[in-house]
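Asks: Below is one structure. I have some questions about it.
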Amino acid sequence: MSPALASFHHGRREVLAAVADLLIPSGDGMPSASEAGAAGRWLDEVLQLRPDFGPPLAAVLDRLLGADPSAALIKLRTDDPAGFGVLAEVVAGGYFLNPKVRSAIRYPGQQSVAIAHDEPPDYEQDGLIASVIARGPIYRRTP
Amino acid sequence: MAEKGHDQVPDVLIVGAGASGAVAAKRLAEEGFDVVVLEQGDWPDYKKARAPYPDYELTSGRDWAWDPNARGAPADYPVDDTESDITALMWNGVGGGTVVFAAHWQRNMPSDFRVRSLDGIADDWPFSYEDLEPYYVRAERDWGVSGLAGDTAFPGGDGPPMPPVPLGAMGRRVAMAHNDLGWHWWPGPNAIATRKYGRLNPCTQRAACLWGCSEGAKASVDGTYWPVAVERGVTLVTGARVKQLQLGPNGLVTGALYVDRDGNEHEQRAAVTIVACNGIGTPRLLLLSAGNAHPDGLGNSSGLVGKRLMMHPFGTVVGLFDEELASWQGPWGQHIHSLEFYETDPSRGFVRGAKWGLQPTGGPLSMTHSYPWGEENAIWGPGFHQQLKKRLGRSAMWGIIAEDLPEESNRVVLDPEKKDDSGIPAARIQYRMSDNSRRLMAFHQERAKESLEAAGAYETVIAPFIRATGWHLLGTAMMGSDPSRSVVDGWGKVHDVPNLYIFDGSTWPTSAGMNPTATIAAVALRGVDHLIEERRHARAAS
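Protein chains in written order, with my numbering: chain A, 20 to 162; chain B, 10 to 551.
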């Protein structure tokens, strides 16, 4: 385990799990952030991908340690928008790395979709482009 | 380093390996000129283009960040924007801004070249749309542009060499709505290959144009122009940060001093020098090159170097739809564009206009961001999953490029305190959005909202204004025929220094309301063709 990951000890992860579930609670058949592993396995993955998030995230979590999570989150958002931004990006970033979450929201990732060269092309179908042409030029000519 | 400057002086030195430098280098090499290019950055690393992988949204913001201050890469120089309403964005490396541009390929309209004549403000360009049109056509073939000829917002003529990207479900919806409204739309012109085209692969619609195209389908010049230029003999030196242009006793530029990655200083001599460093880097270099003969900066007898900075205020309007649109996919890029409200209409209370481009909205992580969704619509908390379901794959957005007018108080100056890591003074920008720009943007946002509502959006969001939208850096070394009121002539030649040229967007007298790469490329092509002719005559006479 890298020193950066090791620094996210149990205490920090507990704080993260608590505030993460305020950001992404369970509902609508979807797991909460902590249930999806956003403070566990997927936090590890996020920090490996974005080690630059480690120090600001640690600082935010240390400030929240021992505080009421709900009140602390409101205060963080007001007082430290940048810190809140890192926290939110880590939580949501980890949440959406979970393949089960991606499957549940029906997001397959940025897929390779070849461009079909339809006949006729889609801009010609149903007289779409013909309508624009019929309206005529809309530009001012060079004087 | 074995510099040509020590033993042989190349015909041409180009500073900057972005779009205009690429166009110039390739043409010069094709005509047999000996060319050296100094580029402060490196080649982009497409191993970091992660669109096919689950971590794409997490990592793209770091590896392909647009703000040099946030990115802080070795090639970047600080741009102090604390006195600016807009942050300047750029890519410092081979390919320049085309590495991360959205590839919207917009010609300027005829009126863009005649703003003074038609609207009584700002300045006319020293050439017309008709003068530039043949260069647009050539540039579109050279770059690899897709689109459709016959756009009713432009005079007739040849169009791009490849068919346009598909309208897609969202484009089709909005196109139908515009037909109902009687508003203009047209299939989006993009510097994106829709078929195999030269070195370009066909687009696979991963919507990653802005974060390094992983498919080799976007016509960024690091993948198209520069390999060809290098094959043709151009010497491209990376990691070479130019600190000063040098002036000889005869008033001609003799070349440049630059610093390599190890901090060593070199001199690169050349018969002709072309500056192509964008609307921030170019005036910075001219100001850095002040000397006894040019105490206010090289080429600055008009006092206009650095002034008239234009950056295109940018707006976004998002629509939410009931229909599954897979709106994380597609070119990004634009499916369609609209120029319905581009031309001046005095009854609107402002002059000039804006271009709209219809774009995807991104993957799930993008749905959580405060831009474009707005803090007031923050997704966090009990409604998270419902909001995500509403946004992801069911949204479309208009990006609005607003024309800002040239004002001398909007400018680039040398930073009196900050320096880059080579010890060279940084740039500072001072830019305030005008009332005209604000009225223009408010009008266009409302019309774009109506467009999406007519297309069936059950909810729309006008994105909050954010500063980090200064992709287009224009106007800071204006072209014109009067040396007392311009820095370069209509061919890009610096009035004060006849062997020094500027080919980037710095030279624009007005900003148009278009994404500028098409016109930067066409103007550079026109300028370098003229330079080639001039040098041929000079050679023949000598």
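Glycine included, C-beta positions come from ideal geometry on N, C-alpha and C.
Keep in mind the model is a prediction, meaning the values are calculated, not measured.
Return the first residue and the last residue of the beta strand (DSSP E) that LYS428/B is part of.
Replies: If you number the second sequence from 1, residue 428/B lands on position 419. Looking at the DSSP string, the run of the beta strand (DSSP E) that includes LYS428/B is 420 to 428.
Asks: So for THR291/B, helix, strand or coil by DSSP?
Replies: Taking the second sequence and counting its residues from 1, the one referred to as residue 291/B is at position 282. In this structure, THR291/B counts as helix in the three-state DSSP scheme.
Asks: Need the endpoints of the beta strand (DSSP E) that THR552/B sits in, please.
Replies: Residue 552/B lies beyond the stretch modelled for chain B, which goes from 10 to 551, so this question has no answer here.
Asks: Any beta-carbon of chain B closer than 7 Å to the one on PRO139/A?
Replies: As a first step, residue 139/A must be located in the first sequence, where it is residue number 120. Closer than 7 Å: no.
Asks: From which residue to which residue does the beta strand (DSSP E) around PRO434/B run?
Replies: Here residue 434/B corresponds to residue number 425 of the second sequence, with the count starting at 1. 434 to 440 is the extent of the beta strand (DSSP E) around PRO434/B.
Asks: Taking only the alpha-carbon atoms, compute the straight-line gap between ALA178/B and ASP160/B and give it to the nearest angstrom.
Replies: Translated into positions along the second sequence, residue 178/B becomes position 169. Translated into positions along the second sequence, residue 160/B becomes position 151. Taking the straight line from one Cα to the other gives about 21 Å.
Asks: For ARG31/A, which option in ARG60/A, ARG69/A, LEU84/A has the closest C-alpha, if you only look at C-alpha atoms?
Replies: As a first step, residue 31/A is located in the first sequence; it is residue number 12 there, counting from the start. Comparing Cα positions, the closest option is LEU84/A.
Asks: So which residues of chain B does VAL34/A contact, with C-beta pairs closer than 7 Å?
Replies: Residue numbering aside, residue 34/A sits at position 15 when the first sequence is read from its first letter. Per Cβ cutoff of 7 Å: no residues; VAL34/A is ~17 Å from chain B at best.
Asks: Would you be able to state if there are at least three C-beta pairs under 8 Å between the stretch 525 to 533 of chain B and the stretch 299 to 314 of chain B?
Replies: No, the stretch 299 to 314 of chain B does not touch the stretch 525 to 533 of chain B.
Asks: Could you spell out where the beta strand (DSSP E) holding MET406/B opens and where it closes?
Replies: Numbered from its first residue, the second sequence carries residue 406/B at position 397. First-last of the beta strand (DSSP E) with MET406/B: 404 to 411.
Asks: Using a C-beta cutoff of 7 Å, does HIS193/B count as contacting chain D?
Replies: Looking for chain D here will not work: the only protein chains present are A and B.
Asks: Please name the residue or residues paired with PRO196/B in a DSSP beta bridge.
Replies: The residue given as residue 196/B occupies position 187 in the second sequence. DSSP, once it has assigned bridges, lists ILE345/B as partnering PRO196/B.
Asks: Would you verify that the beta carbon of TRP389/B is, or is not, closer than 7 Å to some beta carbon of chain A?
Replies: If you number the second sequence from 1, residue 389/B lands on position 380. Cβ-Cβ to chain A under 7 Å: yes for TRP389/B.
Asks: What does SER69/B touch in chain A if you count any residue whose Cβ is under 8 Å from its own?
Replies: As a working mapping, residue 69/B is identified with position 60 in the second sequence. Ordered by position in chain A, no residue passes the 8 Å Cβ test against SER69/B, which lies about 10 Å from the chain.
Asks: Counting only beta-carbon separations shorter than 7 Å, does ALA129/A have a partner in chain B?
Replies: The residue you call residue 129/A lines up with position 110 of the first sequence. Rather than Ala, the amino acid found at residue 129/A in this sequence is Gln. By this cut-off, GLN129/A is an interface position.
Asks: Cutting at 6 Å between CB atoms, please list the residues of its own chain near ARG123/B, excluding the five before and the five after it.
Replies: Numbered from 1 along the second sequence, position 114 holds the residue referred to as residue 123/B. Within the same chain, ARG123/B has close Cβ partners ASP133.
Asks: So, does the CB of ALA411/B fall closer than 7 Å to a CB anywhere in chain A?
Replies: As a position in the second sequence, residue 411/B is number 402, starting the count at 1. No, because no Cβ of chain A sits closer than 7 Å to the Cβ of ALA411/B.
Asks: Between the alpha carbons of VAL38/A and GLY392/B, how many angstroms are there, rounded?
Replies: For the purposes of this step, residue 38/A is taken as the residue at position 19 of the first sequence. For the purposes of this step, residue 392/B is taken as the residue at position 383 of the second sequence. Rounded to whole angstroms, VAL38/A to GLY392/B spans 16 Å at the Cα level.
Asks: By the DSSP assignment, the beta strand (DSSP E) with VAL497/B in it spans what residues?
Replies: Counting from one through the second sequence, the residue named residue 497/B turns up at place 488. Premise fails: VAL497/B is in no beta strand (DSSP E) and is neither H nor E.
Asks: What's the C-alpha gap between HIS15/B and GLU240/B?
Replies: Translated into positions along the second sequence, residue 15/B becomes position 6. Translated into positions along the second sequence, residue 240/B becomes position 231. Caution applies to HIS15/B, whose pLDDT of 45 falls short of 50 and renders its modelled position unreliable; the value that the coordinates give is listed next. The alpha-carbon atoms of HIS15/B and GLU240/B are separated by roughly 23 Å.
Asks: Taking buried to mean at least 16 other C-beta atoms within 10 Å of its own C-beta, is THR91/B buried or exposed?
Replies: Numbered from 1 along the second sequence, position 82 holds the residue referred to as residue 91/B. It counts as exposed.
Asks: Measuring alpha carbon to alpha carbon, tell me which of ILE410/B, LEU482/B, HIS378/B ends up nearest VAL421/B.
Replies: Mapped onto the second sequence, residue 421/B falls at position 412. For VAL421/B, the nearest C-alpha among the options comes from LEU482/B.
Asks: Taking 8 Å as the cut-off, does the stretch 471 to 490 of chain B touch the stretch 321 to 328 of chain B (at least 3 CB pairs, one atom from each stretch)?
Replies: Touching, per the Cβ criterion.
Asks: Along the chain, where does the alpha helix (DSSP H) that runs through ARG250/B open and close?
Replies: Along the second sequence, read from residue 1 onward, the residue named residue 250/B stands at position 241. ARG250/B -> not in any alpha helix (DSSP H); beta strand (DSSP E) instead, spanning 250 to 256.
Asks: So with CB distances below 8 Å, who are the chain A contacts of PRO61/B?
Replies: Residue 61/B sits at position 52 when you count from the first residue of the second sequence. Going along chain A in sequence order, the residues near PRO61/B (Cβ under 8 Å) are GLY128, GLN129, SER131.
Asks: In terms of DSSP beta bridges, what is VAL45/B paired with?
Replies: Position 36 of the second sequence, counting from 1, holds the residue named residue 45/B. LEU22/B, THR244/B, per the DSSP bridge assignment.
Asks: Less than 7 Å between the beta carbons of ALA285/B and ILE23/B, yes or no?
Replies: Position 276 of the second sequence, counted from the start, is the residue given in the question as residue 285/B. Position 14 of the second sequence, counted from the start, is the residue given in the question as residue 23/B. Cβ distance < 7 Å, so ALA285/B and ILE23/B count as in contact.
Asks: Any idea which residues DSSP pairs GLY479/B with across the strands?
Replies: Here residue 479/B refers to the residue found at position 470 of the second sequence. Bridge partners of GLY479/B: ALA97/B.
Asks: Are the C-beta of ASP63/A and some C-beta of chain B separated by less than 7 Å?
Replies: Indexing the first sequence from 1 puts residue 63/A at position 44. It does not: the Cβ of ASP63/A has no partner Cβ on chain B nearer than 7 Å.
Asks: Please look up how many angstroms separate the CB atoms of ARG238/B and ALA202/B, rounded, as I've assumed it's under 8 Å.
Replies: As a working note, residue 238/B is residue 229 in the second sequence. As a working note, residue 202/B is residue 193 in the second sequence. It is worth fixing the name first, because residue 238/B is Ala in this sequence and not Arg. That pair is no contact at about 19 Å.
Asks: What does ASP87/A reach in chain B if we use C-beta pairs closer than 7 Å?
Replies: Taking the first sequence and counting its residues from 1, the one referred to as residue 87/A is at position 68. The contacting residues do not exist; ASP87/A stays about 16 Å from chain B at best.
Asks: Smallest Cα separation from GLY288/B: which of GLY25/B, ASP20/B, PRO19/B?
Replies: Taking the first residue of the second sequence as 1, we reach residue 288/B at position 279. Closest option to GLY288/B, Cα to Cα, is GLY25/B.
Asks: Please state whether DSSP places MET179/B in a helix, a strand or coil.
Replies: As a first step, residue 179/B is located in the second sequence; it is residue number 170 there, counting from the start. Helix, per DSSP.
Asks: Return helix, strand or coil for VAL268/B, following the three-state DSSP convention.
Replies: On the second sequence, position 259 is the one that residue 268/B refers to. If DSSP states are grouped into helix, strand and coil, VAL268/B belongs with the strands.
Asks: Could you check where the alpha helix (DSSP H) with PHE452/B kicks off and where it finishes?
Replies: As a position in the second sequence, residue 452/B is number 443, starting the count at 1. PHE452/B -> alpha helix (DSSP H) spans 444 to 463.
Asks: Can a CB atom of chain B be found closer than 7 Å to the CB of ARG60/A?
Replies: Position 41 of the first sequence holds residue 60/A. So, not an interface residue.
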